[in-house]
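Worksheet for the structure shown next.
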Amino acid sequence: MLIHQSLIGTINMKTFLKVFGSFTLLFVVVGLSLSNNINIRRSITIDAPFSVIHSQVNNLNQWTEWSPWLTMDPTIKTTMGDIQSGVGAHQSWVGQSGAGKLTFTESSENSGVVYDMSFEGDSTMYQAGFDYQQSGNKTLVTWYMTGEMQPIIIGNYFAQIMDALMGDSFTTGLEKLKDVSEKMSVKDSSMPVAE
């Protein structure tokens with residue numbers, strides 16, 4: 150009886166190891182076939198000139214007015230660098246959702262802002278930014294983030310879901326930016342012109 154149970158246990162263990170090995174191999178092969186590139190993009194048309202939008206995007210102190218991250222994680226503590234606007238502006242943050250930092254690498258009132266961003270525990274340096282395009286009398290603003298997720302295989306799987314995880318946050322931020330910018334634009338246009 151004991152020999153019979155031992156034999157069944159050995160067969161079950163061999164079957165388990167074969168199935169586990171097959172799933173592991175499948176996980177690795179599929180993971181290697183996936184791209185680790187992320188490219189998140191969301192756009193919105195804002196009824197305001199480049200200059201008004203740029204005053205919000207180019208100055209990190211203004212991000213508290215429209216950034217979606219502070220609403221999602223009210224525990225976030227932001228530390229501003231010695232430069233807060235334009236090329237070289239930088240900040241770091243820490244909260245329940247994680248920690249990271251960003252630095253502006255390009256800034257133009259006519260085209261937008263580009264920044265490098267990294268997250269604690271992730272070796273990837275992401276490039277993100279805001280692109281401005283004229284759309285009639287309005288401005289089409291695109292918020293984007295690109296990069297290559299690491300480590301290989303695990304990063305390849307995560308890259309497949311990053312757009313779904315972060316895309317709605319980009320949309321929320323753009324909607325808030327639209328609201329703030331359009332209110333500023335109306336306020337600026339209603340001010341009397343000095344003669």
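My numbering applies: residue 150 is where the sequence shown begins, and numbers increase by one.
We treat Cβ as the ideally placed atom computed from N, Cα and C, and that holds for glycine.
What you are looking at is a predicted structure, and each value in this text was computed from that prediction instead of being measured.
{"query": "6 Å CB neighbourhood of G304 in its chain, flanking five on each side removed", "result": "N185 and M298"}
{"query": "Beta carbon of Q233 nearer than 8 Å to that of N208", "result": "yes"}
{"query": "Cα-Cα separation between V346 and T220, rounded to whole angstroms", "result": "In the structure as shown, the chain starts at 150 and stops at 344, and residue 346 therefore has no counterpart that could be examined."}
{"query": "Closest by C-alpha distance to S107, when choosing among T291, A277 and Y281", "result": "The question about residue 107 has no answer, for the chain in this structure spans 150 to 344."}
{"query": "Identified DSSP bridge partners for K332", "result": "Bridge partners of K332: none, in fact."}
{"query": "Coarse secondary structure for G304, derived from DSSP in three states", "result": "helix"}
{"query": "Test item: CB-CB of I189 and M274 under 8 Å", "result": "no"}
{"query": "Reduced DSSP category for Q245 - H, G, I as helix; E, B as strand; rest coil", "result": "coil"}
{"query": "Nearest-angstrom Cβ-Cβ length linking D231 and L251, presumed shorter than 8 Å", "result": "Their Cβ separation, rounded to whole angstroms, is 15 Å, which puts D231 and L251 out of contact at 8 Å."}
{"query": "Minimum Cβ-Cβ distance from G322 to chain D less than 8 Å", "result": "Looking for chain D here will not work: only one protein chain is present."}
{"query": "The ligand MG heavy atom lying under 7 Å from the CB of Y281", "result": "No copy of the ligand MG occurs in the structure displayed, which carries no ligand at all."}
{"query": "Beta carbon of F199 nearer than 8 Å to that of T288", "result": "yes"}
{"query": "Cβ pair S216, T291 closer than 8 Å", "result": "no"}
{"query": "Ordered list of alpha helix (DSSP H) runs contained in the region 150-210, each at least 4 residues", "result": "151-182 and 199-206"}
{"query": "Supposed contact pair F279 and V206 - C-beta distance, whole angstroms, cut 8 Å", "result": "5 Å"}
{"query": "Beta bridge counterpart(s) of M404 as assigned by DSSP", "result": "Because the chain here runs from 150 to 344, residue 404 falls outside it and cannot be looked at."}
{"query": "Buried or exposed (CB count within 10 angstroms, at least 16 for buried), L332", "result": "The residue asked about is misnamed: residue 332 is Lys in this sequence, not Leu. K332 is exposed by the Cβ-count criterion."}
{"query": "Residue from K336, I225, G237 and S260 with nearest C-alpha to G244", "result": "I225"}
{"query": "Inter-residue Cα distance where the pair is A308 and S260", "result": "28 Å"}
{"query": "Coarse secondary structure for S318, derived from DSSP in three states", "result": "helix"}
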